[in-house]
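Enquirer:
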């Protein structure tokens with residue numbers, strides 16, 4: 014029982030992260046009809062920018078980043094989150110402007126290759142000595158290590174303590190706020206309607222007077238900001254930060270992409286659903302079957318879904334015009 | 239072919255029966271292979287002493303890279319199926335071949351070291367192992383090709399990427415290698431499932447049979463076959479699938495079969511190259527060789543060399559394999575340069591340096607040349 | 452024609468030959484949109500028929516149904532007593548239906564010659580072993596495909612441009628190449644989708660003559676979609692008119708020109724056409 018509850022909690026957390034990242038993939042795919050391979054690298058960027066900001070801010074307010082005896086004031090975390098989101102938003106803007114916009118009408122294969130190029134660029138520039146460096150670092154703790162809820166449950170081999178800490182609560186809440194905010198933006202505002210119009214048909218949207226280029230830029234900025242938030246939250250939860258080109262980031266992004274596809278690529282709500290589905294499969298598979306193959310479960314699910322429900326759980330079929 | 243096919247005015251007469259099926263036909267059919275093998279043998283006996291082990295190693299690496307790039311070109315460049323899991327086929331072939339030579343050697347001769355000299359028994363075990371590796375990879379290529387029928391470019395990329403990464407993860411969970419005959423005799427079923435190929439450390443201890451000769455032989459085989467494929471109806475069908483699937487179908491091309499064929503052929507050659515790779519002296523094949531980062535190395539060769547140009551891709555393979563060796567000091571910038579190269583190529587010259595043409599086809603036409611006689615003679 | 456068999460009356464001449472291509476009762480909807488409703492057409496051997504209608508009427512959709520790109524929700528398509536519904540497009544091409552496309556779909560980075568050879572190889576069969584070993588048989592077949600391709604290119608005087616990339620041809624030549632390519636599959640039925648679009652009047656005259664010549668030389672049945680009424684009225688023996696997926700009229704050019712339903716569909720009034 015204890016194991017089940019613990020796995021469930023982890024599922025919800027990991028699911029929120031996957032959902033945040035998947036949203037970026039799905040929005041860009043909806044608008045431009047291509048997979049932004051470089052999206053997961055923005056997540057990494059967000060995590061590492063958070064680290065860098067923390068290592069600047071904490072000393073400035075008199076705290077040692079490697080060993081904060083007392084946890085920093087709450088606003089530090091907020092500042093770093095916002096800073097990271099802004100920085101990544103800017104990066105996302107420039108990526109779209111310089112690498113993707115010139116290829117707006119090129120064959121999709123070419124844009125895909127470009128995206129791979131951008132992805133590699135971000136990874137490897139990030140690993141340069143004067144940027145983030147090629148070694149892992151430890152993210153300083155920005156939140157107190159208190160337990161918000163703590164209870165005991167009987168489980169495998171005795172009684173286990175299940176705790177939900179401040180970090181976990183903040184992770185849930187931040188993700189929830191961002192996802193709800195996005196839902197509102199996409200479905201209740203004019204800007205959101207413009208985004209949906211462009212994703213449906215850019216030419217028609219342009220004819221209706223929607224500034225397509227600006228909407229596309231905004232979508233990229235938004236997706237990158239969400240990716241940065243996911244990176245920051247990931248760093249909070251798993252402070253052992255691996256270097257930018259480490260495979261663990263590639264897998265993270267890949268799984269989030271699978272989440273977007275499973276939910277129905279292009280479908281914002283689907284991305285959220287997909288994120289939790291993937292997390293569920295991964296965590297419960299790892300626990301109850303074998304944790305060595307946790308990545309395999311996710312891919313197996315992808316292949317299954319693509320063959321059985323090619324448009325994902327919430328997606329709708331698209332026909333080629335001949 | 240019937241005798242009453244109306245021949246167009248001015249075209250050459252149909253070849254005589256002897257020319258079609260006699261000894262001359264066999265000569266036409268086989269001469270490139272014979273020439274390639276002869277050249278490979280010549281280089282094997284002369285080059286090593288001339289250039290020394292360091293450069294020899296580079297030449298071997300270039301040869302293996304050429305096979306991989308040309309094979310990737312079949313599925314990605316010619317057929318337009320975006321495959322970024324090519325290293326997975328290589329690794330599968332390499333590990334399979336390794337298992338055959340390693341455990342086969344132990345079973346036949348008691349040890350896993352090199353057996354016999356040039357073209358000795360050990361060499362032939364190695365060749366068989368490479369071919370079997372290729373076949374296993376081809377079977378995997380069939381399975382990976384099947385989703386390509388349903389999925390368009392982006393999705394296919396993810397599935398192929400997933401294939402490579404899953405293989406990498408699975409290879410990491412393999413059992414450790416058994417050191418000698420005694421260990422093999424004492425082994426139980428659980429030592430063999432999952433296969434004892436070393437896990438995360440890699441498949442160490444393989445007999446190192448790869449040399450300039452075998453690399454030359456495989457390069458010859460791959461390049462000649464790829465070139466003939468390109469000039470044939472199957473090659474045209476692949477190109478048509480790349481250009482416009484709907485039109486290709488309307489002209490009678492079975493696009494499903496064509497795509498799967500492309501994957502199978504590409505995987506076959508990649509698997510054999512994997513055998514060469516695993517048995518290269520000084521190299522240990524490991525799970526990361528199935529992953530995305532290695533697949534990417536071959537992808538950039540096809541992007542740079544030209545989608546559909548065999549010689550272009552070979553040139554790119556040579557440059558991108560040899561150059562980093564000479565620029566070791568700048569290793570940390572290598573991938574950054576590659577990344578920039580990819581982006582700039584896509585922005586400025588997406589068809590690659592040579593596009594669909596071979597290197598020798600970019601000379602301007604002679605004035606007054608008749609396209610018809612040239613085409614028929616080609 | 453509501454019978455369950457293929458009718459044995461030739462609609463044009465009254466001779467008792469079954470139509471070469473017979474589409475019966477085709478229906479196709481995309482979601483809530485009824486693209487084609489209750490479409491029936493018989494195309495006899497050697498006939499030259501036209502299919503017209505205002506934009507969006509579903510003409511290209513009918514072509515897509517006949518070539519297997521779309522599968523009809525219900526109905527039959529029979530070519531020379533072979534049932535075609537449910538077959539893959541490439542199987543239908545092999546059965547003998549070839550087409551051109553409304554928005555030219557040549558293989559842009561292939562040469563003119565390769566475009567035609569690709570279509571021509573449908574009738575040859577090269578096995579993989581033969582290719583990789585470059586056997587005599589394979590070389591023979593390649594030579595045959597090449598010869599036939601050049602013969603077809605000469606129909607439209609394209610043989611000197613054999614090595615040009617298809618994308619570098621002029622528009623008029625591209626339209627011709629599309630027809631040549633379709634002919635290379637040795638079809639029984641040729642579907643031409645707006646072959647005259649973008650041509651000037653002299654080119655259209657030449658095209659009209661070419662279509663007639665091709666029909667006679669290769670013994671084809673031709674079904675033609677076009678918006679140029681002069682061209683259609685001039686060369687088509689019978690015409691079917693589609694509007695919003697429904698066939699509203701069929702008959703000889705003279706009958707169609709004076710049919711009020713047709714006039715209303717095009718112009719919204721009842722004056723005779725031209």
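Residue numbers (my numbering), protein chains in the order written: chain F, 14 to 335; chain Z, 239 to 616; chain W, 452 to 725. Yeah, the Cβ is synthetic: ideal placement off N, Cα and C, and Gly gets one too. From a predicted model like this one, the values you see are computed outputs, not experimental measurements.
(1) Use the C-beta contact count for residue 181/Z: other C-beta atoms within 10 angstroms, 16 or more gives buried, fewer gives exposed.
(2) Taking the DSSP output, what are the residues bridged to residue 475/W?
(3) If the criterion is Cβ atoms closer than 8 Å, does the pair residue 467/Z and residue 561/W meet it?
(4) Find out if the Cβ-Cβ distance for the pair residue 327/Z, residue 508/Z is shorter than 8 Å.
(5) Tell me which residues share the same chain as residue 691/W and place their Cβ nearer than 8 Å to its Cβ, disregarding the 5 neighbours each side in the sequence.
(6) Using the three-state DSSP reduction, which class does residue 356/Z fall into: helix, strand or coil?
(7) Taking beta-carbon pairs under 9 Å, can you tell me which members of the segment 106-127 of chain F lie near chain Z?
(8) Residue 260/F to residue 100/F, Cα distance in whole Å?
(9) Opposite residue 253/F in the DSSP bridges: which residues?
(10) Using 10 angstroms around the beta-carbon of residue 129/F, count the other beta-carbons present and answer buried if the total reaches 16, otherwise exposed.
(11) Give me the Cβ distance between residue 57/F and residue 236/F, rounded to the nearest whole Å; I'm assuming they're in contact under 8 Å.
(12) Would you identify the three-state DSSP class for residue 700/W, choosing helix, strand or coil?
(13) Mind checking whether residue 31/F and residue 238/F have CB atoms under 8 Å apart?
(14) When the distance is taken between beta carbons, is residue 399/Z closer than 8 Å to residue 312/Z?
(15) Anyone know if the C-beta pair for residue 642/W and residue 518/W falls short of 8 Å?
(16) When you compare the segment 476-494 of chain Z with the segment 509-517 of chain Z, are there three or more beta-carbon pairs, one atom per stretch, that lie closer than 8 Å?
(17) Relative to the C-alpha of residue 250/F, which candidate in 200/F, 107/F, 183/F has its C-alpha closest?
(18) What residues in the segment 373-390 of chain Z bring their beta carbon closer than 7 Å to a beta carbon of chain F?
(19) Exposed or buried, residue 49/F, counting other C-beta atoms within 10 Å across all chains shown (16 or more means buried)?
(20) Around the C-beta of residue 608/Z, are 16 or more other C-beta atoms found within 10 angstroms, so that it is buried, or is it exposed?
(21) Using only the alpha-carbon positions, how far apart do residue 410/Z and residue 309/F sit?
(22) Would a check of beta-carbon distances place residue 586/W closer than 8 Å to chain Z?
(23) What do you reckon, are the CB atoms on residue 415/Z and residue 434/Z nearer than 8 Å?
(24) On the premise that residue 542/Z lies in contact with residue 591/Z, defined as a C-beta separation below 8 Å, what is that separation, rounded to the nearest angstrom?
(25) List the residues of chain W that residue 278/Z touches, going by C-beta distances under 8 Å, in chain order.
(26) Run the CB neighbour count on residue 43/F, radius 10 Å, all protein chains shown included, and call it buried at 16 or more, exposed below.
(27) How big is the Cα-Cα spacing for residue 726/W and residue 709/W?
(28) Return yes when the Cβ of residue 480/Z is within less than 8 Å of the Cβ of residue 318/Z, no when it is not.
(29) At the level of alpha carbons, what is the spacing between residue 242/Z and residue 579/W?
(30) According to DSSP, simplified to helix, strand and coil, what is residue 536/Z?
(31) Using a threshold of 8 Å, state whether the C-beta atoms of residue 336/Z and residue 528/Z are closer than that.
(32) Counting only C-beta atoms, is residue 266/Z closer than 8 Å to chain C at any point?
(33) Taking its Cβ as the centre, do 16 or more other Cβ atoms sit within 10 Å of residue 233/F, making it buried, or is it exposed?
(34) For residue 240/Z, would you say it is in contact with chain F, using Cβ-to-Cβ distances shorter than 8 Å as the test?
(35) Can you pull the chain Z residues whose beta carbon is under 8 Å from the beta carbon of residue 703/W, in chain order?
(36) Kindly indicate if chain Z contains any beta-carbon less than 8 Å away from that of residue 133/F.
Expert: Result, derived from the coordinates:
(1) The first residue shown for chain Z is 239 and the last is 616, placing residue 181/Z beyond what the model contains.
(2) 527/W
(3) no
(4) yes
(5) 492, 500, 501, 502, 503, 698, 700, 701
(6) coil
(7) 111, 112, 115, 116, 119, 120, 121, 122, 123, 124, 125, 126, 127
(8) 23 Å
(9) 151/F
(10) buried
(11) Going by Cβ atoms, the distance from residue 57/F to residue 236/F rounds to 15 Å, so no, they are not a contact pair.
(12) strand
(13) no
(14) no
(15) yes
(16) no
(17) 183/F
(18) 385, 388, 389
(19) buried
(20) Its pLDDT being 49, under 50, residue 608/Z is placed unreliably in this model, and the value from its coordinates should be taken loosely. Flag for residue 608/Z reads exposed.
(21) 12 Å
(22) yes
(23) yes
(24) 6 Å
(25) Residues of chain W passing the Cβ test: none, with the nearest at roughly 19 Å.
(26) buried
(27) Outside the displayed range of chain W (452 to 725) lies residue 726/W, so it cannot be described from this structure.
(28) yes
(29) Reliability of the predicted coordinates at residue 242/Z is poor, the pLDDT of 37 falling under 50, and the value obtained from them is presented with this limitation in mind. The alpha-carbon atoms of residue 242/Z and residue 579/W are separated by roughly 27 Å.
(30) helix
(31) no
(32) Of the protein chains in the structure, F, Z and W, none is chain C.
(33) buried
(34) Note that residue 240/Z scores 38 on pLDDT, short of 50, meaning its location in the model is unreliable; the coordinates nonetheless yield the value given after this. Answer no: the Cβ-Cβ gap between residue 240/Z and chain F never drops below 8 Å.
(35) The premise fails here: residue 703/W is roughly 30 Å from chain Z at the closest Cβ pair, so nothing lies under 8 Å.
(36) yes
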